[in-house]
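Heads up, the thing below is written out as structure tokens.
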Ligand SMILES: [Zn+2]
């Protein structure tokens with residue numbers, strides 16, 4: 359079993375995430391719920407993203423509506439164009455994504471951007487059979503719209519869709535921000551929320567879903583003066599780059615990204631460095647990361663330069679962030695569509711800003727972070743998560759649940775600390791099982807009350823990764839926990 363499968367099993371066992379509406383058999387594939395520990399980890403991840411990007415880079419954050427009128431998506435180019443190639447089995451009627459079926463069957467890379475005719479010819483040439491029933495012939499390739507329709511309005515329905523990209527909310531709200539929020543170019547607009555895509559035969563759990571959390575940033579800048587004052591802070595930081603015409607992944611200094619014309623603007627070099635730095639904070643090793651430059655035929659229609667930020671996992675490289683130089687495409691089409699002037703106006707004059715996009719697939723980031731944190735030792739499985747993203751700070755246990763004095767003391771420790779820390783009180787089953795449960799969801803410490811605790815008024819603290827233990831007086835427990843959680847102190 360690879361780490362991907364092990365994590366899916368662990369997630370089900372501890373209800374970190376699981377199929378949505380699972381008590382009904384009619385639920386479509388590709389919909390997932392997060393359980394209590396999953397929600398907690400995801401919120402911590404979001405706090406870290408907010409601190410790293412929104413706060414440290416002085417951005418503004420919005421939360422746009424999920425339902426969008428057709429006019430927005432007509433202007434953006436999604437309506438009609440936003441589709442994947444599909445093919446249906448003539449025997450079992452299962453729908454497949456044509457490019458994926460071909461890539462798997464032939465070992466050559468086929469892409470969604472290829473025409474229906476090219477993909478149909480390839481299916482015939484290689485006599486590809488249905489991967490589901492292994493027998494059926496596949497029908498000619500057609501396009502399936504990825505847009506999820508929404509029936510909005512009582513009585514008369516408006517033509518609306520659930521947003522297929524969260525950035526469209528940023529573009530529709532940009533004008534208001536320029537008038538009310540005292541922003542100066544360059545500035546970032548951030549948003550965390552859901553987007554929706556009718557994926558063809560979704561699988562791979564959180565890696566390919568219908569509803570997706572995205573943490574998105576659009577940085578608006580003047581293409582004529584694209585310097586960024588904070589660039590000096592990252593210029594000596596190395597970013598892992600894979601050029602579109604090379605196999606090698608090369609560390610390149612942020613300053614050299616610009617000098618060697620790998621990117622066209624300082625603002626782009628700055629944010630490539632800042633993006634890699636964010637993933638280092640999640641505990642992902644730098645040698646598992648790359649920015650893969652997309653070739654001309656791989657980029658989305660709006661992108662002039664694009665790098666997929668990918669992380670190496672047990673099932674190969676997984677794209678976590680789409681980084682796109684969208685030029686002034688979006689503001690141009692929305693200015694036309696809405697008949698509003700979307701220029702940025704200040705004392706220097708009037709300019710239509712260009713956009714650098716950092717679109718973090720949040721569920722994927724969550725999943726990959728957990729997969730890489732998953733460790734196994736002899737009899738033990740644990741998630742070695744950085745303390746900033748743990749679901750709880752500590753478990754609190756009496757060693758023996760049939761000793762009332764231990765139970766009472768454990769409960770009083772729990773009550774004293776729960777205003778400061780996120781804790782889980784557990785008195786059932788063996789102490790080994792209780793430790794195992796906390797280890798598996800990544801809780802960094804366990805506080806145990808034993809025989810000696812009653813006489814000495816102290817507790818034992820056990821650390822997750824090393825399993826080392828220390829005794830601490832109850833009166834010092836709150837401060838000691840703070841020092842341990844913030845890394846100021848270690849158990850040795
Ligand atoms: Zn079939």
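In my numbering, the protein residues as written are 359 to 850.
Using N, Cα and C, we set each Cβ at its ideal position, and we do this for glycine too.
Helix, strand or coil at residue 396 [DSSP, three-state]: helix
Verify the contact flag: residue 451, CB atom, against every heavy atom of ligand 1, threshold strictly below 8 Å. yes
Using the C-alpha atoms, what's the distance from residue 817 back to residue 785? About 15 Å.
What does the alpha-carbon distance come out to for the pair residue 601 and residue 607? 8 Å
Output the boundary residues of the beta strand (DSSP E) element that contains residue 685. 674-685
What do you reckon, are the CB atoms on residue 326 and residue 576 nearer than 9 Å? Residue 326 lies beyond the range of the chain shown here (359 to 850); nothing can be said about it.
Three-state secondary structure assigned by DSSP to residue 626: helix
What did DSSP end up calling residue 800 once you bin it into helix, strand or coil? Residue state, collapsed to three classes: coil.
At a threshold of 8 Å, does residue 458 count as lining ligand 1 (C-beta to nearest heavy atom)? no
Rounded straight-line distance, which links the Cα of residue 665 to that of residue 609: Each residue's alpha carbon lies about 15 Å from the other.
Extent of the continuous beta strand (DSSP E) run through residue 760: Careful: residue 760 lies outside any beta strand (DSSP E) and carries neither H nor E.
Give every residue of the same chain whose Cβ lies closer than 8 Å to the Cβ of residue 435, excluding the five residues on either side of it in the sequence, and list them in chain order. 659, 660, 691
Which of helix, strand or coil does DSSP assign to residue 476? helix
Who are the near neighbours of residue 847 in its chain, counting only those whose CB is closer than 8 Å to its CB and skipping five residues on each side? 838, 841
I want to check one thing, is the minimum distance from the CB of residue 490 to the heavy atoms of ligand 1 below 8 Å? The answer is yes for residue 490.
Environment of residue 481 [buried if 16+ CB atoms lie within 10 Å]: buried
Is residue 551 near ligand 2 - that is, is its Cβ less than 8 Å away from at least one heavy atom of it? This structure simply doesn't include ligand 2; it includes ligand 1 instead.
Kindly confirm or deny that the region 552-562 and the region 581-588 touch, where touching means at least three C-beta pairs closer than 8 Å. no
Would a C-beta distance cut-off of 9 Å place residue 672 and residue 729 closer than the cut-off? yes
Please report the distance separating the alpha-carbon of residue 752 from that of residue 682. 40 Å
Which residues does DSSP list as the beta-bridge partners of residue 719? Beta-bridge partners of residue 719 (DSSP): 572.
In this structure, what does DSSP give as the bridge partners for residue 596? 611
Using 8 Å for Cβ pairs, my map puts residue 579 next to residue 625. What's the rounded Cβ distance? 5 Å
Alpha carbons only, please: which of 368, 367, 406, 379 is nearest the one belonging to residue 635? 406
Looking only at DSSP bridge pairs, what is residue 443 linked to? 501
Using only the alpha-carbon positions, how far apart do residue 392 and residue 373 sit? 7 Å
Mind checking whether residue 754 and residue 772 have CB atoms under 9 Å apart? yes
Taking the DSSP output, what are the residues bridged to residue 666? 650, 680
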